Amino acid sequence: MAVNQADKPNAPGRDMRVTRRMAGINVFISILAAAALLVVANVISGKAGYRKDVETLGHFRLSRTAQQIVDGLHQPVRITSIYTGDQQDRKGEEYLPRLRDMLEEMQRRNDNLTLANVFTRSQKSDLLGRLTQKLEEVSRSDREVIEGFEVLSTQARMFDQLVDQWNSYPLEGYLTQFGFAKAMQGHLAQMKDKLQKSALSLRTGSSSGLPNYPQQIQTVRDSLAALQTDIKAAVNQLEQFSQLPAKTAAAKDNLAGSVKTVVEELDNVIAAIGSGAPPADALKAAVPLLIKLFQASQKAGKDLDEFGQSSGAAASKVWEFDQASLPEFFGGLASQAAQVAQACSQLAQFSEGTEAERAAVLNMNLNQLKQGLGQMRQQVQMVQSQLPAIFGALSLVDPQTQQIFANAKKEPLLAEISKPVEKLLEKSKDSVRSNGSSDEQLSEKLTDWQEVIQHINDDNIVLLESGDRAAVVGFDEVYPLARRPDSSFADDKDNTRRVFNGDLAVSGKLLALSVPPLAEVLLVHFDDPQAQRMRQYYSQGYPFAEPFSPSDFSILRDRLEKANLTVTEWNLAMQDQPPPPKPLKAGLAATNPATMPGEKLRPQVMLVLPPPVMPLELSQDDAPTGQTPPGSFSSKHVDRLRNAIEGRTGRDPIPAIFLGGYLWERRTINPFTGQRTTEAFNYHYGTYLKEQWGLDVRTDLRIFQGTPSPTEPGAFDVPLLLQSRLPLSSFTDHAAGRPLASRRFYWTDVCPVMPAKDSASGAAVGPILDIPPGTRDTWAVAGTERILTKMEKGETFRPSTQDGDVLSTTAQPLVLAAEASRQFNGRPGKVIVLGLGSSFVNDTLTQPVRKLKAGAYGSFDNEPPPLGNVDLIVNSAYYLAGQDAYIGAGPLVIKPIQLRNEHSAERLKVVFGLAWPLLFLGVGAVMMILRKR
Amino acid sequence: MSKILTLARRELAAYFFSPMAYVIAAMFLGGVGLLFLWGLKIPFLRIDYEPLFRNGAEATLRPLFDVLAYGLAIVCPLLTMRSVAEEFRAGTIETLMTAPITDAQVILGKFLGAMGLYLVLLASTLAYFALIVIYGSPDYGVAVMGYLGMVLLGAVFIAVGIFSSTLTRHQLVAGLVGIAILGFFTMGVYLLVMLLPETAEIINRLNMIRYFGDFSKGVFDTQGLIFFVSVTAFFLFLSTKVLESRRWR
């Protein structure tokens, strides 16, 4: 009973505990289930998710080219973004997030990419440690050479011993007369000194934190090569000295004979002069004898010279007489003889004045001649008397020197140095050759690393590693300045603005790191002194008429190289044929064998810069500098280019991109009549392109764009600013232009490239960029003077076909860039002709684009320079090289925020920074007051 | 549903009938305006943000959203800290629990109420976007996705805030717990990745900012959408369970 009574109150408590426990378990299980559901949902969405880039402008998106490059990576690549800099001008608050976005986007596309970040010093030091290990692995054979060199440099005693040996050489020894022993001592001391200095510079190391093996191996190679040259020179000299006694013995009779003949001939002349005959007769008789003396002296000089040359430079030192070498002495003698002969001949015919006067003149000259010949004989005799002694000195070799000569035959002089030097040099060459680039100074891999070593300590860089190769993408490449710092248009603030270019910069390096260069672009230009003079002249007033040089296209060149295209030059003025194509592998280690089958050659594409132009009727007198003859560019040079394009050089046809454009007329004013005349310039490739490719480059027409006049129907206002940079991006469906459609381009000096109506070439022509059919506000104007005058006066313009203007019609668009293709003996040939003028030269690509601000008359907008223009060339090069997969477009440049002035900025700060938040507080206060009431 | 909306309306009204909503809104907009128009420089913390709205800057709100994402990890728990904790403290929770509504409806109502306030705050930043439209050429796709990301991120943060508010009767503690949880999901994951780099891939999946980053750069990704929705739902579920536990604890 008691038990029952005691149990009763506990029953509900136990039930409660059980209920709680059950509820707890229930909750726990439901939470677990929910968590599991959460995980499953997220895992599934990660594997089978939908991802869409809804950007309308695409500036956070990878470009098509970058996508192709990233998708094509078949080997692991590690990308480390090193963000260590805190310098204000290199900080770039958009740099890191944009870079991260881009790299993550790349990684998302390809699992072979691994991303890492370095922010701290310890992370950087870990990275440097890892890179050092890698670098040591890459440069293993080079390091062996460096170590060998360091060992050699420590052998100072060996050099000292050799110096001592030559120091103990007897003063009366055979080689002393040549100063050889002293010279050897000096050479050896210098060698030792140079070696030690080089070794010291190796130990100094690099400031980047990575061992600078590329620089070290260069230092070692240079030092070893210099050492080898010095040793070889000494060995050669000694060898010549050793042969000198025998040579002297063989030549001495001949040499003595030559000198003797001179003496004899001289005696003959002296005898003739002193014969007592009348002066005129004596002089006359002396002439043939002087000629003989001349010949004998020449022979003696020549014999002595030949002997001296065959015996070495040092040996000829013993032939010195009166501070001149004996060959020079006899040469001088011959010259004197010739002069005297001429003088004698003239004197013999002297007929001026009376006979007495003539006799006096002749006698005076005869006496002078006698005196001179006497002195000459003394000198020659002195030489003759010294000859036996000289021959003796050159023939007699003392026993110690004989021993040196004998030893040198068994083992070359300084063999103890030259052997290790040669061994090290051979090894260093092998390390280069093993990487397939024997003609280069450094192995290709090490060349990559050289760049890494140089830039690893720069602020804010991206490091790419693939296998044992590495590359660095610098801050200024990823985040370049939007404008050229010295731009006259930009103000100070604008000069520091940067634009994100990571897509192009990183993908370009990735491409270069993972595949060999895709093609070789030959910059075809014409450069000779004449072209240079013309450049100076035309650049002053005739845009695009100047002969361009490759240096005018350095930005384009840089961009081509970043697009993994190698760039070389072909100067039509100097070279008959283009540089031969290189093997596909050349210059790069194979990292992706699938892309380099067999021994294929790297495709070549020519980028033909505009040649020098001259007005058709320009005569020699009218030429630019007043003296310059007409341009040296001729049909011969067009033929050179033609041969390359059409494969007549024994190689495959090389496709070409021609840069054409509007050629400004040469305007002159007659100073007397005031009449203006214009002369057309000639585009020298025009005829060829028209006849062989069916493309008519109308360099006489310029594209203008107008806005319909609000007051005159059918007429157009032609704003001046619009004409300097023409915004056109109406690309066709052509592979090279398609990805560029609707992007931002500004062209300069544009001319039409129309399909030639009367061409019998049979070439297929396809437009790349055109003014779409029926466009009314853009036309090609003939005689720009006509439209310029109207623009100056602010008048409207009506394009007219009667005046020669060409308009886009529904039947025929105005083509500005086109491709033509045809066959040459069954082999396909292609050209692309761009009538886009100077749109690709440095000046255009670095100057901001000035535009009238919409709705604000008289004020301007500065837009970034049209760097995107170069994408058309890059795409064209890819297209012609058969690398369509890489065709794409560079990054977009988005119009930034542009405040009208400082005043409006301050006003906005007050309204949106202070008034706007305070408005909320005000509303709250009103609400609280209302509630209280 | 109507009960949830009624509760949400009541919650929202409660925010606006108290000075808190206005003070928070003013502070929020003040902060945004500071970043947007003046920038922020705190040298000893190495914080150096140039004004986003300046000549030559990119016409986008993205950098603002990126900073706000971290700021919200503090603002949202402060916004929601009182939502349930205050009911506990004032004892009104008993009344609420005896009312004919479920715990889930209570939580959802409070969540929607807080979301309402959050959306008003977010909408107020449209004024800054309007400035960018007037003075630049922004990418509308990026802007739309940025706002979507902010809404989704705010939803998660508010759900976490409400959850932390259900854990205690003390508002401040609730706020701190919420900040701690969100601190882990926003910044803690970075530390964790540094400590355990080999598990980086898994840890990164917990990184809310990473998912938000896709939206802020104009990418619509169902992975991020599902993450935000599922995590929001999970924390609301947890909040419901915690609230429910009062019945049997």
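Chains as they are written, first to last, in my numbering: chain A, 7 to 939; chain B, 11 to 259. Each residue gets a CB set at the ideal place from its N, CA and C atoms; glycine is no exception. Computed from a prediction, not measured in an experiment: that's the story for all the values here.
Residue state for residue 615 (chain A) is assigned as coil, using DSSP reduced to three classes. A direct Cα-to-Cα measurement between residue 852 (chain A) and residue 752 (chain A) gives close to 12 Å. Per the coordinates, the alpha-carbon of residue 891 (chain A) lies some 13 Å from the alpha-carbon of residue 79 (chain A).
For residue 103 (chain A), the three-state secondary structure derived from DSSP is helix. By the neighbour-count criterion, in which a residue is buried when 16 or more other Cβ atoms sit within 10 angstroms of its Cβ, residue 413 (chain A) is exposed. Residue 118 (chain A) is outside the set of residues whose beta carbon lies under 8 Å from a beta carbon in chain B.
Of the candidates B:114, B:238, B:223, the residue whose Cα lies closest to the Cα of residue 251 (chain B) is B:114. Counting only Cβ-Cβ distances below 7 Å, residue 65 (chain B) has contacts in chain A at 499, 903, 904, 905, in chain order. Per the C-alpha coordinates, the member of A:268, A:292, A:263, A:265 positioned closest to residue 277 (chain A) is A:292. The C-alpha of residue 336 (chain A) is placed about 28 Å away from the C-alpha of residue 285 (chain A).
Residues of the same chain with a CB within less than 7 Å of the CB of residue 69 (chain B), apart from the 5 flanking positions on each side, are 142, 146, 147, 148 in chain order.
A distance below 6 Å between beta-carbons, with the five flanking residues on each side excluded, links residue 244 (chain A) to the following residues of its chain, in chain order: 414, 419.
Three or more Cβ pairs drawn from the stretch 837-856 of chain A and the stretch 695-702 of chain A lie within less than 8 Å of each other, which places the two stretches in contact. Cβ-Cβ separation between residue 796 (chain A) and residue 847 (chain A): approximately 28 Å, too far for a contact (criterion under 8 Å).
Here the stretch 467-485 of chain A makes contact with the stretch 506-524 of chain A; the two share three or more CB pairs at distances below 8 Å. In the three-state reduction of the DSSP assignment, residue 336 (chain A) falls in the helix class.
With contacts defined by Cβ atoms closer than 8 Å, residue 154 (chain B) and residue 253 (chain B) do not form a contacting pair.
For the 8 Å CB-CB criterion, residue 132 (chain B) and residue 170 (chain B) do not form a contact. Residue 131 (chain A) and residue 209 (chain A) have their alpha carbons spaced roughly 21 Å apart. The beta carbon of residue 107 (chain B) sits no closer than 8 Å to any beta carbon of chain A. Apart from sequence neighbours up to five positions away, the residues of its chain that approach residue 116 (chain A) with a beta-carbon distance below 7 Å are 76, 77, 79, ordered along the chain.
With contacts defined by Cβ atoms closer than 8 Å, residue 573 (chain A) and residue 668 (chain A) do not form a contacting pair. Residue pairing by DSSP places residue 664 (chain A) opposite A:614, A:839 in a beta bridge.
Taken atom to atom, the span from the alpha-carbon of residue 330 (chain A) to that of residue 396 (chain A) is near 15 Å. A Cβ-Cβ separation of about 15 Å leaves residue 833 (chain A) out of contact with residue 767 (chain A) under the 8 Å criterion. Using a CB distance cut-off of 8 Å, residue 508 (chain A) does not count as an interface residue toward chain B. Interface with chain B (8 Å Cβ-Cβ cutoff): residue 923 (chain A) is included. Counting only Cβ-Cβ distances below 8 Å, residue 89 (chain A) has no contacts in chain B at all, with the closest Cβ about 12 Å away. At a beta-carbon threshold of 8 Å, none of the residues of chain A lie near residue 199 (chain B); the nearest stands roughly 14 Å away.
The count of Cβ pairs closer than 8 Å, one atom from the stretch 36-54 of chain A and one from the stretch 83-92 of chain A, stays below three, leaving the stretches out of contact.
Annotation for residue 769 (chain A): 699, 700, 826, 828 place their beta carbon closer than 6 Å to its own, counting only its chain and skipping 5 residues before and after. Contacts with chain B at 8 Å (Cβ-Cβ) do not include residue 132 (chain A). Nearest in C-alpha terms to residue 684 (chain A), of all of A:691, A:706, A:665, A:664, is A:706.
In this structure, the alpha-carbon of residue 121 (chain A) lies about 25 Å from that of residue 236 (chain B). Considered as a whole, the stretch 179-254 of chain A harbours 186-210 as its complete alpha helix (DSSP H) runs of no fewer than 4 residues, in chain order. For residue 232 (chain B), the C-beta contacts it makes with chain A under 8 Å involve 51, 55, 56, 57, in order along the chain.
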